[in-house]
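Novice: To start, I am sharing the structure in question, which I have written as structure tokens.
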Amino acid sequence: METMLAARLHVPSRTLRVEEVPRPQPGPGEVLVKVEAAGVCLSDVHLIDGTLTPLLLRGDTVTLGHEVSGTIAEAGAGVTDWTPGQRVVLHAGEHRNGVTYTRGVDYDGGWAEFALSAAHALTPLPDSIPFEQGAIIPDAVSTPWGAITETGAVRPAEATGVWGVGGLGVHAVQLLRAVGACPVVAVDPNPVARERALAAGADLALDPADPGLRETVAAATGGAGLAAAFDFAGVPAVREQAVSVLAPKGRLVLVGLTDQPLTLTDGTRFSYLQQRVLGHYGSDMTTALPQLLRLVQAGRLDFSGSISATLPLSRAAEAVARLEKKEGNPIRLILRP
């Protein structure tokens with residue numbers, strides 16, 4: 001029996017171990033992918049620390065990793081669209097019987113030497129895009145893309161705000177500028193993150209503790225407020241502050257995940273101004289991935305600066321610790337088998 005290395009999370013004890021496991025075999029309609037790069041996301045940290053718990057996982061252990069790129073190693077029975085050696089990006093999830101299963105959460109992901117995928121849950125990766133950049137587009141880029149273009153429905157020249165300029169928020173800033181939002185206001189308590197936001201294309205980068213934040217946003221928007229605000233932090237204080245600077249009929253899009261109750265202090269004001277709160281999760285991989293890969297390939301978007309460091313799979317626990325502690329303020333750390 002062939003084996004491989006995989007970083008496996010035992011969910012009941014929240015224990016992460018890199019261990020030898022049987023190399024999977026593709027069944028009918030599946031492909032086996034040789035992993036070349038896998039991103040480390042804050043969601044992975046939250047799975048390990050217990051903030052998030054898989055809802056659909058069979059068993060008690062899962063290989064983490066939902067941002068994955070690689071090459072086709074083997075095709076299962078009935079698969080004719082993929083051949084060994086093709087470069088691919090794996091979708092961050094799969095739809096089964098109307099239910100969304102997340103890779104590396106509800107079934108085994110890509111923190112491994114090889115990963116299984118349904119044949120329909122892959123997108124070709126152009127030769128011109130490095131595996132590291134291709135790997136992070138599912139979730140780190142596609143999630144804010146979906147939040148902006150679908151859930152938030154941002155239109156050119158609309159005033160927008162991004163709270164939390166981390167691994168997803170920094171890409172939201174870049175993408176908002178790409179779709180023509182104006183101004184793009186970034187809010188983060190970390191001065192390094194604010195500098196990063198300005199480099200990514202933000203018109204303003206503000207400290208949430210700044211007592212003049214509301215006045216600054218009002219001045220930047222001609223007194224109108226923000227048409228759309230995006231919460232990438234998932235904390236109550238962010239939501240309250242974002243709502244306080246929303247325009248009438250403005251929408252607050254919740255991207256950062258939280259297991260805490262969602263509350264609004266002044267419900268009457270919120271209703272009077274006909275504002276909206278919209279939940280967002282992931283993206284439609286069949287449209288988002290081809291769109292984003294096309295924009296990268298054409299030079300309209302560049303995520304090379306998002307790759308903060310690359311570590312071997314054997315150091316997965318170190319990568320998690322570095323992200324959790326924000327050591328070096330990473331955007332994305334990459335694991336390579």
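In the UniProt record's numbering, the protein residues as written are 1 to 337. Cβ atoms here follow ideal geometry from the backbone N, Cα and C, with glycine treated the same way. Being a predicted model, the structure only gives us computed values, none of them experimental.
1. What does Tyr101 pair with, by DSSP beta-bridge criteria?
2. One question on the structure: do Trp145 and Ala288 come within less than 8 Å of each other, judged by their Cβ atoms?
3. State the Cα-Cα distance for the pair Val8 and Phe114, rounded to the nearest angstrom.
4. Cα separation between Ala227 and Leu246?
5. So Val21 packs on Ala6, CB below 8 Å; how close in whole Å?
6. From Leu56 to Gly201, what distance separates their C-alpha atoms?
7. Would the beta-carbon of His293 fall within 8 Å of that of Pro126?
8. Gly209: buried (16+ other C-beta within 10 angstroms of its C-beta) or exposed?
9. With a Cβ-Cβ cutoff of 8 Å, do Asp108 and Thr63 count as a contact?
10. Since Val253 and Phe270 should fall inside the 8 Å C-beta cutoff, what is the C-beta to C-beta distance between them, to a whole number of angstroms?
11. Between the region 309-324 and the region 169-179, can you find at least three pairs of beta-carbon atoms closer than 8 Å?
12. Residues bridged to Met4 by DSSP?
13. Name, in chain order, the residues that DSSP records as bridge partners for Gly70.
14. In the DSSP assignment, find the alpha helix (DSSP H) that holds Phe131 and state where it starts and stops.
15. Which runs of the alpha helix (DSSP H) fall wholly inside the region 201-287 and span at least 4 residues, in chain order?
16. Using the three-state DSSP reduction, which class does Trp145 fall into: helix, strand or coil?
17. Provide the residue span of the alpha helix (DSSP H) that contains Leu175, from first to last.
18. Since Ala121 and Glu94 are thought to touch, with beta carbons under 8 Å apart, how far apart are those beta carbons, to the nearest angstrom?
19. Hey, is the region 21-37 in contact with the region 45-54, meaning 3+ C-beta pairs nearer than 8 Å?
20. Given Arg300, which residues of its chain have a CB within under 7 Å of its CB, disregarding the five upstream and five downstream residues?
21. With a threshold of 16 other CB atoms inside 10 Å of the CB of Leu116, please say whether the residue is buried or exposed.
22. Roughly how many whole angstroms lie between the Cα atoms of Gln275 and Glu158?
23. Going along the chain, which residues of its own chain have a beta-carbon closer than 8 Å to the beta-carbon of Ser128, five neighbours each way excluded?
24. Check Gly161 in the structure and name its three-state DSSP category.
25. Hey, Ala147 and Val255: beta-carbon distance below 8 Å or not?
26. Mind checking whether Pro124 and Val88 have CB atoms under 8 Å apart?
27. Put Arg336 into one of helix, strand or coil per three-state DSSP.
28. Using a 10 Å radius around the Cβ and a threshold of 16 neighbouring Cβ atoms, would you call His91 buried or exposed?
29. Just reading off the beta strand (DSSP E) that Leu52 is part of, what are its end residues?
30. Nearest to Thr263 by CA position, among Glu240, Leu333, Val187, Gly59, is which residue?
31. Which residue wins for smallest C-alpha separation from Ser142, given the options Leu323, Ala118, Val173?
32. Rounding to the nearest angstrom, what Cα-Cα distance links Gln291 and His171 in this structure?
33. Kindly identify the DSSP beta-bridge partner or partners of Thr61.
34. Nearest-angstrom Cα distance between Glu318 and Gly328?
35. Please work out which residues of its chain come closer than 6 Å, Cβ to Cβ, to Ala233, disregarding the five sequence neighbours upstream and downstream, and give them in chain order.
Specialist: The relevant details are as follows:
1. Taking the first residue of the sequence shown as position 1, residue 101 is located at position 101. The partner list for Tyr101 (beta bridge, DSSP) reads Glu94.
2. For the purposes of this step, residue 145 is identified with residue 145 of the sequence shown, where counting begins at 1. For the purposes of this step, residue 288 is identified with residue 288 of the sequence shown, where counting begins at 1. The Cβ-Cβ distance between Trp145 and Ala288 falls below 8 Å.
3. The residue you call residue 8 lines up with position 8 of the sequence shown. The residue you call residue 114 lines up with position 114 of the sequence shown. Checking the sequence shown, residue 8 turns out to be Arg, not Val. In a straight line, the C-alpha of Arg8 is about 13 Å away from that of Phe114.
4. What you label residue 227 is simply residue 227 of the sequence shown in a count that begins at 1. What you label residue 246 is simply residue 246 of the sequence shown in a count that begins at 1. One alpha carbon belongs to Ala227, the other to Leu246, and they sit about 6 Å apart.
5. Working through the sequence shown from its first residue, we reach residue 21 at position 21. Working through the sequence shown from its first residue, we reach residue 6 at position 6. Confirmed, Cβ separation roughly 5 Å.
6. If you number the sequence shown from 1, residue 56 lands on position 56. If you number the sequence shown from 1, residue 201 lands on position 201. Their Cα atoms are separated by approximately 38 Å.
7. Within the sequence shown, numbered from 1, the residue matching residue 293 stands at position 293. Within the sequence shown, numbered from 1, the residue matching residue 126 stands at position 126. Per the sequence presented here, residue 293 reads as Leu, with His not at that position. Yes, they are a contact pair.
8. Counted from its first residue, the sequence shown places residue 209 at position 209. With the sequence shown as reference, residue 209 is identified as Ala, and Gly is not the correct amino acid for it. Exposure of Ala209 is indicated by the presence of fewer than 16 other C-beta atoms within 10 angstroms of its C-beta.
9. Along the sequence shown, one-based indexing puts residue 108 at 108. Along the sequence shown, one-based indexing puts residue 63 at 63. Contact annotation: Asp108 and Thr63 have beta-carbon atoms nearer than 8 Å.
10. As a working note, residue 253 is residue 253 in the sequence shown. As a working note, residue 270 is residue 270 in the sequence shown. Incorrect: roughly 15 Å between the Cβ atoms, too far for contact.
11. When Cβ pairs closer than 8 Å are counted between the two stretches, the region 169-179 is seen not to touch the region 309-324, the count staying below three.
12. Taking the first residue of the sequence shown as 1, we reach residue 4 at position 4. Per DSSP, Val21.
13. Translated into positions along the sequence shown, residue 70 becomes position 70. Val35, Val88, per the DSSP bridge assignment.
14. Residue numbering aside, residue 131 sits at position 131 when the sequence shown is read from its first letter. Start and end: 131-136.
15. Within the region 201-287, the runs of alpha helix (DSSP H) that reach at least 4 residues and sit entirely inside it are, in chain order, 213-220, 236-244, 267-272.
16. By one-based count along the sequence shown, residue 145 stands at place 145. Residue state, collapsed to three classes: helix.
17. Here residue 175 refers to the residue found at position 175 of the sequence shown. Run containing Leu175: 169-178, per the alpha helix (DSSP H) assignment.
18. Here residue 121 is taken as the residue at index 121 of the sequence shown, counted from 1. Here residue 94 is taken as the residue at index 94 of the sequence shown, counted from 1. Yes, they are in contact, since the Cβ atoms of Ala121 and Glu94 sit about 5 Å apart, within 8 Å.
19. Two segments are said to touch when three or more pairs of C-beta atoms, one from each, lie closer than 8 Å; by this definition the region 21-37 does not touch the region 45-54.
20. Translated into positions along the sequence shown, residue 300 becomes position 300. Closer than 7 Å at the Cβ level, and outside the excluded window around Arg300, lie Ala178.
21. Here residue 116 refers to the residue found at position 116 when the sequence shown is read from its first residue. Counting Cβ neighbours within 10 Å, Leu116 comes out buried, since at least 16 surround it.
22. Numbered from its first residue, the sequence shown carries residue 275 at position 275. Numbered from its first residue, the sequence shown carries residue 158 at position 158. So the two alpha carbons sit approximately 15 Å from each other.
23. Counted from its first residue, the sequence shown places residue 128 at position 128. Listed in chain order, the non-local C-beta contacts of Ser128 below 8 Å within the same chain comprise Gln297, local neighbours out to five positions each way being set aside.
24. Translated into positions along the sequence shown, residue 161 becomes position 161. Three-state result, Gly161: strand.
25. Working through the sequence shown from its first residue, we reach residue 147 at position 147. Working through the sequence shown from its first residue, we reach residue 255 at position 255. Result yes, Cβ atoms of Ala147 and Val255 sit closer than 8 Å.
26. Locating residue 124 in the sequence shown gives position 124, counting from the first residue. Locating residue 88 in the sequence shown gives position 88, counting from the first residue. Result yes, Cβ atoms of Pro124 and Val88 sit closer than 8 Å.
27. As a working note, residue 336 is residue 336 in the sequence shown. DSSP, read as helix, strand or coil, puts Arg336 in strand.
28. Walking along the sequence shown from the start, residue 91 turns up at place 91. Its Cβ being crowded by 16 or more others within 10 Å, His91 is buried.
29. Mapped onto the sequence shown, residue 52 falls at position 52. For Leu52, there is no enclosing beta strand (DSSP E), as DSSP marks it with neither H nor E.
30. Stepping through the sequence shown from its first residue, residue 263 is reached at position 263. Considering only alpha carbons, the answer is Glu240.
31. Against the sequence shown, residue 142 aligns to sequence position 142. Of the residues Leu323, Ala118, Val173, the one whose Cα lies closest to the Cα of Ser142 is Val173.
32. By one-based count along the sequence shown, residue 291 stands at place 291. By one-based count along the sequence shown, residue 171 stands at place 171. Taking the straight line joining both Cα atoms gives about 15 Å.
33. As a position in the sequence shown, residue 61 is number 61, starting the count at 1. Answer is His10.
34. Locating residue 318 in the sequence shown gives position 318, counting from the first residue. Locating residue 328 in the sequence shown gives position 328, counting from the first residue. The straight-line gap from Cα to Cα measures roughly 13 Å.
35. Counting from 1 along the sequence shown, the entry for residue 233 is found at position 233. Taking C-beta separations shorter than 6 Å and ignoring five residues to either side along the sequence, the partners of Ala233 in its chain run Trp163, Gly164, Gly256, following chain order.
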